[in-house]
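Below you'll find the structure, written out as structure tokens, and then a few comments.
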Amino acid sequence: MRYPFYFLLFILVLALTLPAVAQNYTLSGMVRAAATGEALIGATVAVPGLKTGTTTNENGFYTLSLPQGSHVVQASYIGYDASSNTVTVSENNLTLNFSLSPATTELQVVEIEAMTLRQKLNDTRMSVETLTSKEAKLLPALFGEVDLIKTLQLKPGVQSGGEGSSGLYVRGGGPDQNLVLLDDALIYNPSHLFGFFSVFNSDAVKSVELYKGGFPSQFGGRLSSVVDVEMTEGNNERIQATGGLGLISSRLTLDGPIVKDKATFLISGRRTYVDVFTRQLNRLNEDKKDYNPIPDYYFYDLNGKFSYKLGEKDELSLSSYWGRDFFTFRDDDFRFGFDWGNSMANLNWRHKYNDRLYSNTSAGITSYKYTINNEIDIFSFKLTSDIEDYTLKTDFDLFLSGGHSLKFGASATRHNFTVGRLNFDSEDNSQSFGAGSKYNATEFGAYISDDYQVNAQLSLNYGLRFSGFNNGKTYFALEPRIAAKYNLTENTSLKGSFANMMQYVHLIANSGASLPTDIWYPSSASVKPQRSQQVAAGISHLFGNGQFLVTNEVYYKWMERQIDFRDGANLFVNDDLEAEFLFGKGKSYGTEAYIEKIKGKTTGWVGYTLSWTYRKFNSENPEEAINDGKWFPTRYDRRHDISVVLLHQLSKRINLTGAFTYGTGNAYSLPVARFAFQDVQGQRSSVVPVYSERNGFRLEPNHRLDLGLVLKLKPKRGAADLTFSVYNAYNRRNPYFVYFDQLEDEATGQITKFQGKQVSLFPTIPSVTYNFKF
Amino acid sequence: MNRKLLSYFIVPLLLLTACDLEKDIEVALPAHTSQLVVECYLQPGKTYKLTVTESVSYFDAPQSPFVTDAEVYITHNGRRIKLNYQPHTYQSAGKYYTHTSTEVMRGKPGDIYGLEVTDGKGRKVTGFTKVLPVVPIEEVEWKFNEKEKAYLLTTYQDDPNVANYYRFVTHIDSVGTKPDRDFTTSDNLTNGKRTSIGSAYDYARNDTIIVSLYHIEKQYYDFLNSVDDAQDANGNPFGQPSRIKSSVQGGFGIFTNLAYQRKTVVLH
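Protein chains in written order, with this note's numbering: chain A, 1 to 774; chain B, 1 to 268.
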């Protein structure tokens, strides 16, 4: 497909949709929290009688196009009681505002979301998964560490890289192809400890929205998904403390008003403490001769949010995140330190020009950095890589008559890359050398989109994003996006979408894990930006008196200019990284079925994904082509993926939860042959494995059941609960990796047999966490 | 380096999650068409000798598969020197050769040698090597700390005019033992510099250390690294599988020459 085609498509859609629907009138207004006056973003405003509805924008504003007559309009929001009003529509530009009161029990919280089933049915957007911290906290978690990102892996079309990993592989995309935003600011490496935990502290985060396709035009810069994480705001009522004591970490959050009804704050921290135990263990064993001390490891996160209402029309907020992982080892002669982490600060100004025009402008800094320090006697070795971004961004919402809601805006980012900065020195100056590169690049984007409610059945969201990147060479691209929804019946809707995405910065990583030493690298004269196109179609059906929503989507995604590496590529300290790159293409297709029930004492969902994901890397030098230049499945190509999640409220004090997952085993490379290698002297005699097809084998299927129980306590003050989790309840030995071992005769040292071995990571792991709020 | 770092993290995690996490499995491998494997290191002043074996399916019985009908020729300046099939083992080093000649290699830096191996199944392996000059070890130093442990510092001068590759090996007491340290490096970051290779505080007083600095061809450097990568990938969940970068065509293996200097120091 070529751009002229996109233009034609875009013009055609515009021509089709611009004629206003003359008989419709515009109703608009705000949805706010009753107690705090906080604008509720993403609240549902529905007209059940017309089977239509919409959601509020980032300012809590909504607009609906309704025919003349009397209509019941209902507003709802997760964690709040729904509110209904009857409005008589006979003229344009009517206003109807809602104030929602907080829900009082967890059950209500879950029930309220049932309202969103109809909204989901009627939403123009497709391929979107939403999750709140409150939901995630009810579900069982590894080591009791509640993790929104890992909970997202239970949704169809989303896979983890491996057991325990918080990496997201969305519809065949890699973890570096996710646009991870925290309060609108980019987070480059959203994981701790090689991806076992995400950087999002469940107390500091309110909710997350994951877009798997049909991307709205305001998002750009990544190919495969948008992970839009929203931080919790400080409450406006009183100062409160929330926290938890867990198996491996503890959390504490303080929030409250600074100036009542004007300014609030939230400060939240989390730290692991395995290092406290390992240090103690080292101390107890320090006299033992053969004891190898365990290195120190810990991570911490700090989140902060400050909001200030300047007046009726203006609101400022400052969001920030600071997180670091530390790994240290030292003895008398040797010191090794390795630390890495993200930091982010984003200042946001929301302004209301009038009831129809809103703006949201932000200026932010985000960075990811790792440093390795190694010192021995007079010699020191230091390796640093980092990326630092300065971003200016503005978005406008303009509500027009005739059912049109325009969204337009622009953004510009200055990237500063330091790639593999190495310094090797000695105190006596006898040794000194360095390596590494610095790059500065500019990325920009501008977009316009229209959310157009054509009539009660048909709605469209179409837009165009213009993006570009400059790093010596300038790239431009047009990224058309379109999504449509058509209500076949009151309870059945059809949806379709197309999205073109560009990615200008690339993660240089050639391992299956999310390593902190992975490097972000800009597009350049010889490294062209990655591009993807995705088409998706789906059907949603509401049944069982509105209690169940079943959705089925099919998708096909093309990816161009994907990056992989030559065999044996040195990515660690290399001044000519680009010489190690191979460029190829990818494709991914599949279908996702999803049924959810959110009302009643028993709620949950069942998801099933059938998918295929492939890559192909050719090279001018056939010896360097991966898999001889033929298509091969990615490691996370998963034919079948099933997840069943159930939440049951046993009593007012006890919630039971369970999550079962099944997935086809990861595609894996294993040696098919071997030969003996003696080496020069013969002392290094060894067996050399010969690999053939890339990812030509399959590990055994992965499946496990996690169980959870939340017991509400009755403290004298505030609220508290004990959350019990059992990870892998039936102790399934899921394959983490497979290798070929050689068995030797103990007496002679001769090899007697070669044997395949499978290694698992996590057996049954029970945990308990104490959570409190006062 | 990445893999080492990673293992630091994975070990405590595995400890944390208790034992019994490994089990034997059966893996059905596709049929493998066996290929010739050659290993030949020409060394000025030494006779021509090499080993010819063949690759086997991974789970085949573990004996060494000699290729008895392999014919081996080394070519130099238009001459074809035949190496005869005479398998024998050097007991001291535990190393075996399958083909030898009584002729001594007299190559000088810049000379090019060729290799030709054929067998009864119609398989053919060829390769070339260019004799490299020795890069001298300028200095071997050591320093003891308070705990009577010493680090070792070996210094050499890199030639700025060409891309150079090195293999650095140390043995304790005898070269007949397993190397104490063994790694390859290039002058990518140190071109033209007087370069030192250091160690940790690994040595005791009166240790005898034999330091060998091999000046190696790029094809040998690539082969050694690809062998290391392939071996690492078997058993490393994060490793990418690596193709063996042989210096020969038509099979697996290495045909190169050895230009090295060796120094022995006793750490008094």
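Beta carbons are placed, not taken as given, at the ideal position from N, Cα and C, and that holds for glycine.
From a predicted model like this one, the values you see are computed outputs, not experimental measurements.
In the structure shown, A/K473 adopts extended strand secondary structure according to DSSP, grouped into three states.
Beta-bridge partners assigned by DSSP to B/H76: B/R79 and B/Y113.
For A/L709, the pairing in a beta bridge is given by DSSP as A/L656 and A/F724. Within 8 Å of the CB of A/I482, no CB atom of chain B is found; the nearest one sits about 38 Å away. For B/I137, no chain A residue has a Cβ inside 9 Å of its Cβ, as the nearest lies near 16 Å away. The C-beta separation of A/P140 from A/D706 comes to about 4 Å, placing the pair in contact by the 8 Å criterion.
Contact annotation: in the region 46 to 62 of chain B, residues whose CB is within less than 7 Å of a CB in chain A are T51, T53, S55, V56, S57, Y58, F59 and P62.
Nearest neighbour of B/G251 by Cα position, chosen from B/D229, B/L36, B/N84 and B/M105, turns out to be B/L36. Looking at the backbone, the Cα of A/R271 and that of A/F143 are separated by about 14 Å. In this structure, DSSP gives A/R356 a state outside helix and strand, which the three-state scheme calls coil. At a cut-off of 8 Å between beta-carbon atoms, B/N225 makes contact with chain A. Within its own chain, the residues whose Cβ lies closer than 8 Å to the Cβ of A/R717, once the five positions on either side in sequence are excluded, are F774, listed in chain order. Here B/K218 carries a helix assignment [DSSP, helix/strand/coil].
DSSP lists A/E388 and A/N440 as the beta-bridge partner residues of A/N416. Judged by DSSP in its simplified three-state form, A/R32 adopts strand. Only residues of its own chain outside the window of five on either side were considered, and among them K313 and S359 have a CB closer than 8 Å to the CB of A/Y353, listed in chain order.
For B/L258, the residues of chain A that pass the 9 Å Cβ criterion are V680, in the order they occur in the chain.
Against A/F740, the close residues of chain B are Y58 and N234, in the order they occur along the chain (beta-carbon pairs closer than 7 Å). Taking the beta carbon of A/S165 as reference, no residue of chain B falls within 8 Å; the closest one sits roughly 11 Å away.
Looking only at A/P516, A/L610 and A/G546, the smallest Cα-Cα distance to A/K597 is reached by A/G546.
For A/V672, the nearest beta carbon of chain B is closer than 8 Å to its own beta carbon.
B/Y151 counts as buried, since no fewer than 16 other beta carbons sit within 10 angstroms of its beta carbon.
With respect to the C-alpha of A/N695, the residue from B/S242, B/V175, B/K218 and B/G192 having the closest C-alpha is B/S242.
Cβ-Cβ separation between A/G60 and A/I41: approximately 6 Å, consistent with a contact (criterion under 8 Å). One thing to note: B/Y166 has its Cβ no nearer than 8 Å to the Cβ of B/T154. Counting along the chain, no beta strand (DSSP E) covers A/Q68, and no H or E run does either.
For B/F252, at least one C-beta of chain A is nearer than 8 Å to its own C-beta. Counting C-beta atoms within 10 angstroms of its own C-beta, A/V89 has 16 or more neighbours from the protein chains shown and is therefore classed as buried. Taking a Cβ-Cβ cut-off of 8 Å, A/F277 has no neighbours in chain B, whose nearest Cβ is about 10 Å from it. Sixteen is the threshold: since fewer than 16 other Cβ atoms of the shown chains lie within 10 Å of the Cβ of A/T489, the residue is exposed. Scanning its chain for C-beta atoms nearer than 6 Å, with the 5 sequence neighbours on each side dropped, one finds around A/W631 the residues Y614 and K616, in chain order.
Only those residues of the region 90 to 108 of chain B whose C-beta falls short of 8 Å from the nearest C-beta of chain A are listed: Y90, A93, G94, K95 and Y96. When beta bridges are read from the DSSP output, B/N84 appears opposite B/T100. In the three-state scheme derived from DSSP, where H, G and I count as helix and E and B as strand, B/V27 is classed as coil.
In the three-state scheme derived from DSSP, where H, G and I count as helix and E and B as strand, A/G756 is classed as strand. The shortest CA-to-CA distance from A/T418 to any of A/Q649, A/S367 and A/R350 is the one to A/S367.
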